[in-house]
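There are 2 protein chains.
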Amino acid sequence: MAVRGSYAKGVARREEILESALDVIGRKGYQNASLKEIAEVVGVTPAALLHYFGSKEELFTAVLRKRDEHDGLDPAFLDAEGARDGFLEVIRHNTQVPGLVALFSRLAVDAADPAHPAHDYFLERSERLRSSIAESFTNDDQRPALDPDTLARIIQAASDGLQLQWMIDPTVDMPGIMAALIDTLAPSPARGD
Amino acid sequence: MAVRGSYAKGVARREEILESALDVIGRKGYQNASLKEIAEVVGVTPAALLHYFGSKEELFTAVLRKRDEHDGLDPAFLDAEGARDGFLEVIRHNTQVPGLVALFSRLAVDAADPAHPAHDYFLERSERLRSSIAESFTNDDQRPALDPDTLARIIQAASDGLQLQWMIDPTVDMPGIMAALIDTLAPSPARGD
DNA sequence: GTCTATACAGGGATAGAC
DNA sequence: GTCTATCCCTGTATAGAC
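Protein sequences, first through last, are from chains A and B.
Position one of the first sequence corresponds to residue 78 (the numbering used here), numbered consecutively onward.
Position one of the second sequence corresponds to residue 78 (the numbering used here), numbered consecutively onward.
Here it is, written out as structure tokens:
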């Protein structure tokens with residue numbers, strides 16, 4: 078209820094703004110992605126953007142949230158076999174959306190400030206992702222060199238750090254390096270190495 | 078030659094600005110470290126800062142460069158025995174200078190733009206650090222699971238990624254996790270594990 | 001609810017006086 | 001070498017039109 082009628086336009090506008098924001102970031106880089114520029118793409122004034130999202134930072138946080146919904150990261154991490162390939166597939170996909178990667182990394186830094194709107198987002202997402210990794214990549218048939226939580230932190234850290242390297246030098250083979258790391262730290266029983 | 082005389086004051090001012098910039102970043106965070114604020118600490122106007130460094134970004138890049146000189150990272154990585162502890166010591170030290178870590182991470186993201194003044198800095202520093210890691214942490218007495226360059230990239234990525242996690246949640250044990258990673262991927266012959 | 005118009009404070013950067 | 005003055009652009013708050 079109340080989804081149709083007077084709200085319909087607003088919902089559509091929200092989506093439009095989110096997509097335009099990502100578009101501008103992809104084309105002009107994060108730093109030059111001003112509210113003015115995004116608003117022009119949508120065909121409205123900057124104030125209209127702030128009507129839907131309270132601030133620029135909240136807008137960008139919403140872009141990240143939407144990506145998570147859309148990607149639905151978690152399903153890929155259900156079992157150990159699919160986990161490795163699912164994880165690598167996400168990383169491979171990131172290669173196709175540099176704007177999103179730039180946005181993610183930039184906000185991850187800014188969100189260090191507890192007052193930043195994305196602070197809780199990163200805290201929660203980070204923990205959710207880690208327990209998902211810990212659950213999927215824990216192998217019990219060998220003496221584990223690393224406890225699950227440490228393993229998860231390392232994989233997450235390596236993934237984020239590789240994105241930084243890749244942004245500065247796009248020739249960096251993110252999927253290949255992550256595959257090597259995972260296969261070394263948490264070799265799949267099925268692959269027998 | 079030409080270091081004394083009319084240049085002397087300028088050199089001193091440069092150092093003073095660099096230190097003040099770091100001071101303000103440490104106290105107020107990167108985002109709130111405006112040229113105005115830094116200039117006030119030094120006792121000059123923002124325009125004076127721009128006289129020495131061409132732009133805000135160049136100023137902050139210079140801060141990072143100075144840190145590298147001062148730290149002199151490389152000496153610690155001369156041999157395999159000292160490498161591990163030297164590396165961990167740097168990470169432990171970073172825990173004491175959150176402002177510097179924030180600055181480094183922020184610039185690492187912004188420098189993705191090839192036009193950013195810190196772009197080349199990160200490209201060069203990154204490569205130098207990696208070859209240093211590759212040289213130090215390569216163990217020949219066991220079948221190497223990872224080639225030296227991949228190993229170096231992973232250690233560097235994990236280190237940078239952990240800083241991201243640590244900034245958002247300062248309870249993260251960076252040195253402990255990095256130690257676990259290094260001991261797993263490149264166990265020291267002396268320690269025999 | 002959706003949005004424009006307007007105004008404002010703050011930022012970095014530039015030109016030119018001293 | 002340093003300052004003042006100025007400029008333009010940023011994000012944001014408010015008022016009110018539709």
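Yeah, the Cβ is synthetic: ideal placement off N, Cα and C, and Gly gets one too.
Pairwise C-alpha distance: residue j and residue i
i: K143(B); j: R104(B); result: 19 Å
i: S203(A); j: I232(A); result: 12 Å
i: L239(B); j: V101(B); result: 24 Å
i: Y129(A); j: R91(A); result: 7 Å
i: L228(B); j: A124(A); result: 49 Å
i: S213(A); j: R207(A); result: 10 Å
i: F164(B); j: D145(B); result: 14 Å
i: N109(A); j: I115(A); result: 10 Å
i: R205(A); j: A185(A); result: 16 Å
i: M78(A); j: R183(A); result: Annotation note: pLDDT 47 at M78(A) (below 50); position unreliable, no value reported.
i: T30(A); j: A263(A); result: Given that chain A is displayed from residue 78 to residue 270, the structure contains no residue 30(A) and the question cannot be resolved.
i: S111(B); j: G131(B); result: 15 Å
i: L136(B); j: D197(B); result: 15 Å
i: K133(B); j: T248(B); result: 32 Å
i: V174(B); j: A234(B); result: 20 Å
i: G269(A); j: E201(B); result: Confidence in G269(A) is poor, its pLDDT being 48 and thus under 50, which makes the residue's placement unreliable; the coordinate value appears in the next sentence. When rounded, the distance between both Cα atoms is 39 Å.
i: I259(B); j: V140(A); result: 36 Å
i: G314(B); j: R230(A); result: Given a span of 78 to 270 for chain B in the structure shown, any question on residue 314(B) remains unanswerable.
i: T261(A); j: T261(B); result: 9 Å
i: L99(A); j: L99(B); result: 33 Å
i: E93(A); j: Y107(A); result: 18 Å
i: S97(B); j: K113(B); result: 12 Å
i: D224(B); j: D246(B); result: 32 Å
i: A85(A); j: T172(B); result: 49 Å
i: R88(B); j: S265(B); result: Strictly speaking, residue 88(B) in this sequence is Val, with Arg absent from that position. The straight-line gap from Cα to Cα measures roughly 44 Å.
Where residue i sits in the DSSP three-state scheme
i: Y75(B); result: Not covered by the structure: residue 75(B). The range shown for chain B is 78 to 270.
i: G131(B); result: coil
i: A89(A); result: helix
i: N171(B); result: helix
i: H147(A); result: helix
i: G238(A); result: helix
i: H193(B); result: coil
i: L165(A); result: helix
i: F214(B); result: coil
i: V80(A); result: Since pLDDT at V80(A) reaches only 49, below the 50 mark, its modelled position is unreliable, and the value read off the structure follows with that caveat. V80(A): coil per DSSP, three-state reduction.
i: T138(A); result: helix
i: D250(B); result: coil
i: A188(B); result: coil
i: D224(A); result: coil
i: V121(A); result: coil
i: S182(B); result: helix
i: A229(B); result: helix
i: A116(B); result: helix
i: A263(B); result: coil
i: L126(A); result: helix
Residue i versus the options, residue with shortest Cα-Cα distance
i: P194(A); options: T138(A), R205(A), G163(A); result: T138(A)
i: A256(B); options: F199(B), R161(B), H147(B); result: R161(B)
i: I210(A); options: A222(A), D226(A), L200(A), V88(A); result: D226(A)
i: H147(B); options: H170(B), E135(B), K113(B), L126(B); result: H170(B)
i: L127(A); options: D250(A), E201(A), L95(A); result: L95(A)
i: I254(A); options: V140(B), Y107(B), A222(B), D250(B); result: A222(B)
i: E166(A); options: P252(A), L258(A), T261(A); result: P252(A)
i: F199(B); options: D237(B), A98(B), Y84(B); result: D237(B)
i: I168(A); options: V88(A), D250(A), G87(A), A89(A); result: D250(A)
Distance cut-off 6 Å: residue i Cβ against heavy atoms of the ligand SAM
i: H196(A); result: Although the ligand SAM was asked about, the structure shown includes no ligands whatsoever.
Next item on the list: Determine, using beta-carbon pairs with one atom in the segment 117 to 126 of chain A and one in the segment 168 to 183 of chain A, whether at least three such pairs fall under 8 Å.
Entry: The segment 117 to 126 of chain A is not in contact with the segment 168 to 183 of chain A.
Notebook entry, point to check: Three or more C-beta pairs closer than 8 Å, one from the segment 238 to 253 of chain B and one from the segment 190 to 197 of chain B: is that the case here?
Noted result: Cβ pair count under 8 Å is below three, so no.
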